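Peer 1: Protein chains in written order, with the UniProt record's numbering: chain E, 1 to 150; chain D, 1 to 150. The beta carbon of each residue, even a glycine, is placed where N, CA and C say it ideally should be. Small disclaimer: the values here were computed from a predicted structure and weren't measured.
This is the structure we're talking about:
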């Protein structure tokens with residue numbers, strides 16, 4: 001565990017979606033794409049190539065479960081998975097920590113918690129210039145819906 | 001095999017980097033990030049969650065081999081892995097085919113084949129507005145260097 005590493009900290013309980021033996025899943029603060037989650041390895045490890053077999057095997061099961069849960073919850077159409085870790089390299093002594101960005105994508109509008117989510121870039125790369133922070137109440141509703149279907 | 005699916009076709013021999021039992025690796029036409037490759041499943045399959053265990057296991061080995069080869073070839077600093085498949089959903093009847101975008105990232109300039117590659121966004125998300133097509137001679141030199149180190 002690295003004290004200065006964001007992903008070594010316990011996720012905020014409000015954002016917490018799921019955990020397995022090796023991975024934590026939490027709702028991303030940016031909900032431009034409804035149900036966007038971060039899937040972070042519990043152990044501090046900086047490179048995808050250094051994952052242990054059991055960590056990979058569990059990740060594969062998580063891919064299946066999360067995609068299925070988001071289909072059931074909001075009828076997500078397809079999914080973008082990215083493992084980037086760029087930000088860590090802005091530091092003089094980079095301490096990257098393996099985590100995945102999971103972005104469900106939608107070919108239709110979804111209404112939940114009094115909010116409307118519309119994936120205006122569907123069929124195209126996600127738009128990083130858009131950021132959408134939502135209320136704690138809305139977060140709770142979304143997290144609870146995903147948990148129901150996991 | 002789907003006749004209209006780009007990833008079901010054999011890669012152009014000039015771009016061809018490597019193949020395993022289940023995956024093809026070829027150099028991406030856009031070399032903004034030196035050594036960028038596409039890692040495409042040989043079988044037509046539209047969702048990461050539908051990969052077979054043996055396909056996943058082999059992919060994990062490929063991650064290790066490719067990262068190692070790019071470190072040896074050009075001293076790549078770190079790597080971005082993305083599985084998106086957005087474009088397929090621009091069609092009325094989407095036929096997505098699992099493929100990964102592998103982008104080596106660099107904290108230093110690299111000169112090869114008379115060209116200079118500089119990762120001006122290092123530490124940040126890749127820039128999709130930049131596109132860099134290179135000559136066939138330069139492609140051959142880059143592919144050959146990666147192959148040497150695989």
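#1: Locate the beta strand (DSSP E) running through residue 111 of chain E, then write down its first and last residues.
#2: Can you give me the Cβ contacts of residue 117 of chain D inside the same chain, cut-off strictly under 6 angstroms, excluding the 5 residues immediately before and after it?
#3: Closest to residue 38 of chain D by CA distance: which of D:121, D:77, D:6 is it?
#4: Going by beta carbon distance, what residues of the same chain come within less than 7 angstroms of residue 86 of chain D, once the five residues before and after it are set aside?
#5: Out of E:31, E:98, E:46, which has the shortest C-alpha to C-alpha gap to residue 40 of chain E?
#6: Report all residues from its chain with a CB closer than 6 angstroms to the CB of residue 73 of chain E; omit the five preceding and five following residues, and keep chain order.
#7: Report yes if the C-beta of residue 43 of chain E is less than 6 angstroms from at least one heavy atom of the ligand MN; otherwise report no.
#8: How is the alpha helix (DSSP H) around residue 143 of chain D delimited, first residue to last?
#9: Is the number of C-beta pairs between the stretch 16-36 of chain D and the stretch 132-146 of chain D that are closer than 8 angstroms three or more?
#10: Just to confirm my understanding: we take residue 26 of chain D, look at its own chain, exclude 5 residues before and 5 after, and list those with CB closer than 6 angstroms. What are they?
#11: Tell me the rounded alpha-carbon separation between residue 20 of chain E and residue 13 of chain D.
#12: For the stretch 128-145 of chain E, which residues have a CB atom closer than 9 angstroms to at least one CB atom of chain D, in sequence order?
#13: From the DSSP secondary-structure annotation, give me the bridge partner or partners of residue 39 of chain E.
#14: Residue 67 of chain E touches chain D at which residues, Cβ-Cβ below 8 angstroms?
#15: What number of angstroms, rounded off, separates the C-alpha of residue 54 of chain E from the C-alpha of residue 125 of chain D?
#16: Terminal residues of the continuous beta strand (DSSP E) containing residue 59 of chain D?
#17: Within the chosen definition, does the stretch 63-83 of chain E reach the stretch 99-106 of chain E through at least 3 CB pairs nearer than 8 angstroms?
#18: Using Cβ-Cβ distances below 8 angstroms, what residues of the stretch 67-86 of chain E are close to chain D?
#19: Could you pull the start and end residues of the beta strand (DSSP E) that residue 82 of chain D belongs to?
#20: Consider the Cβ of residue 123 of chain E: report whether some Cβ of chain D lies at a distance smaller than 7 angstroms.
#21: Taking 7 angstroms as the CB-CB limit, is residue 90 of chain D close to chain E?
#22: Out of curiosity, what's the CA-to-CA distance linking residue 151 of chain E and residue 88 of chain D?
#23: Give a yes or no on whether 7 angstroms exceeds the smallest Cβ distance from residue 64 of chain D to chain E.
Peer 2: Here's the rundown:
#1: The sequence position of residue 111 of chain E within the first chain is 111, counting from 1. Taken as a continuous stretch (DSSP letters only), the beta strand (DSSP E) holding residue 111 of chain E covers 110-112.
#2: One-based indexing of the second chain puts residue 117 of chain D at position 117. In chain order, 34, 110 place their CB closer than 6 angstroms to the CB of residue 117 of chain D, counting only its own chain and leaving out the 5 sequence neighbours on each side.
#3: Translated into the one-based positions of the second chain, residue 38 of chain D becomes position 38. If we check each option's Cα against that of residue 38 of chain D, D:6 comes out closest.
#4: Looking up residue 86 of chain D in the second chain gives position 86. Counting only Cβ-Cβ distances below 7 angstroms, and skipping sequence neighbours, we find nothing.
#5: Translated into positions along the first chain, residue 40 of chain E becomes position 40. Nearest C-alpha to residue 40 of chain E: E:98.
#6: On the first chain, residue 73 of chain E is found 73 positions in, with the first residue counted as 1. Same-chain partners within the cutoff: 145, 146, 149.
#7: With respect to the ligand MN, the structure shown offers nothing to examine, as it has no ligands at all.
#8: Indexing the second chain from 1 puts residue 143 of chain D at position 143. It spans 136-149 - the alpha helix (DSSP H) in which residue 143 of chain D sits, taken as one unbroken run.
#9: yes
#10: Position 26 of the second chain holds residue 26 of chain D. Excluding residues within five positions, the ones whose Cβ falls inside 6 angstroms are 11, 15, 16, 17, 38.
#11: Taking the first residue of the first chain as 1, we reach residue 20 of chain E at position 20. Taking the first residue of the second chain as 1, we reach residue 13 of chain D at position 13. Approximately 43 angstroms between the Cα atoms of the pair.
#12: Shown in chain order are the members of the stretch 128-145 of chain E whose Cβ falls below 9 angstroms from a Cβ of chain D: 128.
#13: Residue numbering aside, residue 39 of chain E sits at position 39 when the first chain is read from its first letter. BP columns for residue 39 of chain E point to E:25, E:100.
#14: Here residue 67 of chain E refers to the residue found at position 67 when the first chain is read from its first residue. Within 8 angstroms Cβ-Cβ: 47, 48, 49.
#15: The residue labelled residue 54 of chain E in the question sits at position 54 within the first chain. The residue labelled residue 125 of chain D in the question sits at position 125 within the second chain. For residue 54 of chain E and residue 125 of chain D, the distance between alpha carbons rounds to 29 angstroms.
#16: Against the second chain, residue 59 of chain D aligns to sequence position 59. Not the beta strand (DSSP E): residue 59 of chain D falls in the alpha helix (DSSP H), residues 53-74.
#17: yes
#18: Within the stretch 67-86 of chain E, the residues whose Cβ lies closer than 8 angstroms to some Cβ of chain D are 67, 68, 77, 78, 79, 80, 81, 82, 83, 84, 85, 86, listed in chain order.
#19: Within the second chain, numbered from 1, the residue matching residue 82 of chain D stands at position 82. It spans 78-83 - the beta strand (DSSP E) in which residue 82 of chain D sits, taken as one unbroken run.
#20: Position 123 of the first chain, counting from 1, holds the residue named residue 123 of chain E. True, the Cβ-Cβ gap to chain D drops below 7 angstroms.
#21: As a first step, residue 90 of chain D must be located in the second chain, where it is residue number 90. It does; some Cβ of chain E falls within 7 angstroms.
#22: Since the first residue shown for chain E is 1 and the last is 150, residue 151 of chain E is missing from the structure and cannot be characterised.
#23: Here residue 64 of chain D refers to the residue found at position 64 when the second chain is read from its first residue. Yes, its Cβ sits closer than 7 angstroms to a Cβ of chain E.
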